[in-house]
Amino acid sequence: MSELALVTGATSGIGNAFARRLLGDGCHVIAVGRRQDRLDQLAAAYPGKVRTVAADLATTAGIDAVAELCATEPLDVLVNNAGVAHYMPLADLPAAKAAELVAVKVLAPTLLARAAVGPMVERGRGTIVNVAGMIAFSGPAPHTQMPRRVVYAGGLAYLVTMSQTLSAELEGSGVQVQVLCPGVVATEFHQRQGIDMSAVPRMSAEDVVTASLRGLELGEVVCAPGVEDAALLDAVGEAELAAFYGQSPQLASRYRSA
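Numbering-wise (our numbering), the sequence shown opens with residue 1037 and increments by one.
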């Protein structure tokens, strides 16, 4: 029996590359996206192997509809890829756009993973890939180095921690969790934000998918396709744990009166 995967944001970019790679590997795919015309194009290229679901994951109805599929279909793979950016300083970010970003990159992945994980554990197998990005690690960067995208960076950082914690929670269950953190990728993503990236070196979406699938084979929870020295990622995790384990019920000396 062929494996079954559900991929959100499957109409373009990384999501489309994921869907096509999984289809090429023999999977059947439930392709989720906002644009029915593009979903139909994917389905036409793989007759009988694609089920299309037009849903907007910025809405409660869209999330609920896809979560129902995650809970009831025998998924082997869930790829939480759908995304929006809305790059701008927080004070300039319209409330509706902030809410859309949080819905798509925080609430939707959380609720879809929640719906899928129970049945996966019952079957003793499954894979959940949450697509974040290297911006998740950019918080300490000064404003002179990074464009302001507070909610976007925060949402991706949430996906990193959620994925790491969920992976630990599922240890020994047969269910694997990965957070995929590409850098700048050659997709329509920035174009939709009105950002010209034509002069910036970018990784292909296909290479990002190759890294993710190989990272799963390697057992990586955090997969960073463009980071050559994997020890850097280990160092980040070690530093976070050092701070976590370094806490005490006693007030730190630097906060005591001189």
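C-beta: ideal position from N, C-alpha, C; glycine also.
The model shown is predicted, which means the values in this text are computed figures rather than measured ones.
Q: Give the secondary structure of Arg1250 by DSSP, where H, G and I count as helix, E and B as strand, and everything else as coil.
A: Reading the sequence shown from its first residue, position 214 is the one you call residue 1250. If DSSP states are grouped into helix, strand and coil, Arg1250 belongs with the helices.
Q: Would you give the residue range spanned by the beta strand (DSSP E) that Val1113 belongs to?
A: As a first step, residue 1113 must be located in the sequence shown, where it is residue number 77. Start and end: 1113 to 1116.
Q) Which residues share a DSSP beta bridge with Arg1087? A) Taking the sequence shown and counting its residues from 1, the one referred to as residue 1087 is at position 51. In DSSP, Arg1087 forms a bridge with Ile1066.
Q) Using the rule of at least 16 other Cβ atoms within 10 Å of the residue's Cβ for burial, across every protein chain shown, is Glu1256 buried or exposed? A) The residue labelled residue 1256 in the question sits at position 220 within the sequence shown. Per the 10 Å Cβ criterion, buried.
**Q.** Beta-ladder partner(s) of Val1258, from DSSP
**A.** Here residue 1258 refers to the residue found at position 222 of the sequence shown. Val1258 pairs with Val1215.
Q) Thr1201 lies in the alpha helix (DSSP H); which residues open and close that run? A) Translated into positions along the sequence shown, residue 1201 becomes position 165. Unbroken alpha helix (DSSP H) run through Thr1201: 1186 to 1205.
Q) Run through DSSP, which three-state label would Leu1042 get? A) Working through the sequence shown from its first residue, we reach residue 1042 at position 6. It is a strand residue.
Q. Secondary structure at Thr1163, three-state DSSP: helix, strand or coil?
A. Mapped onto the sequence shown, residue 1163 falls at position 127. The answer is strand: DSSP assigns Thr1163 an E or B state.
Q.
Which residue marks the beginning of the alpha helix (DSSP H) containing Val1221, and which one marks its end?
A. Walking along the sequence shown from the start, residue 1221 turns up at place 185. Neither: Val1221 is in no alpha helix (DSSP H) and is coded neither H nor E.
Q) Who are the Cβ neighbours of Gln1212 in its own chain at under 7 Å, not counting the five residues just before and after it? A) Stepping through the sequence shown from its first residue, residue 1212 is reached at position 176. So the list reads Thr1163, Leu1252, once near-sequence residues are dropped.
Q: Quick one: which unbroken beta strand (DSSP E) runs of 3-plus residues sit fully inside the segment 1099 to 1142? Chain order, please.
A: 1113 to 1116
Q) When you compare only the Cα positions, how much space is there between Ile1099 and Leu1148? A) By one-based count along the sequence shown, residue 1099 stands at place 63. By one-based count along the sequence shown, residue 1148 stands at place 112. Each residue's Cα considered, the two are about 8 Å apart.
Q) Just to confirm, are Phe1181 and Val1258 a CB contact at a threshold of 8 Å? A) As a position in the sequence shown, residue 1181 is number 145, starting the count at 1. As a position in the sequence shown, residue 1258 is number 222, starting the count at 1. Strictly speaking, residue 1181 in this sequence is Gln, with Phe absent from that position. Against a cut-off of 8 Å, the Cβ pair of Val1258 and Gln1181 comes out as no contact.
Q: Could you have a look at Met1239 and say whether DSSP puts it in helix, strand or coil?
A: Position 203 of the sequence shown, counted from the first residue, corresponds to residue 1239. Strand at Met1239.
Q.
Three Cβ pairs or more, each shorter than 8 Å: is that satisfied between the segment 1123 to 1139 and the segment 1073 to 1086?
A. no
Q | C-alpha gap between Ser1240 and Val1272, whole angstroms | A | Here residue 1240 is taken as the residue at index 204 of the sequence shown, counted from 1. Here residue 1272 is taken as the residue at index 236 of the sequence shown, counted from 1. Rounded to whole angstroms, Ser1240 to Val1272 spans 26 Å at the Cα level.
Q: Just mark Thr1047 as buried or exposed, buried being the case when its beta carbon has 16 or more other beta carbons within 10 Å.
A: As a first step, residue 1047 must be located in the sequence shown, where it is residue number 11. That one is buried.
Q) With distances taken between CB atoms, is the gap from Val1068 to Ala1053 smaller than 8 Å? A) Position 32 of the sequence shown holds residue 1068. Position 17 of the sequence shown holds residue 1053. Cβ atoms of Val1068 and Ala1053: not closer than 8 Å.
Q. Residues in its own chain within less than 8 Å of Arg1000 by CB, not counting five upstream and five downstream?
A. Since the displayed the chain opens at 1037 and closes at 1294, residue 1000 lies outside it and no answer follows.
Q: Could you tell me if the beta carbon of Arg1087 falls within a distance shorter than 7 Å of some heavy atom in the ligand ZN?
A: The ligand ZN is absent from the structure shown, which contains no ligands of any kind.
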